[in-house]
Amino acid sequence: MYFLINFSYWKCSVSRGVESHVSLMRADLSFQLGIACVARVFALIGWASVVANDIISHLVS
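At position 55 of the sequence shown (counting the first as 1) the number is 55 in my numbering, and the numbers step up by one without a gap.
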């Protein structure tokens, strides 16, 4: 709901339209990059835990 209100307000202000569009795109890009970074960190943690599991199981057996 908030996004729709924000979007309609953004459409109405034509004078700052381009500037708003650029900042919106920048925010979207940084949001996507943040998600990608978090996903990469989680993947790295998962990979490290699998490797650690293998090492521990080799040491135990």
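For each residue, glycine too, the CB sits at the ideal point set by N, CA and C.
Would you report the Cα separation of residue i and residue j, rounded to the nearest angstrom?
i	j	result
Asp28	Arg40	18 Å
Phe31	Val50	29 Å
Ala48	Leu33	22 Å
Ser23	Ile35	18 Å
Ser61	Cys37	36 Å
Gly46	Asp54	12 Å
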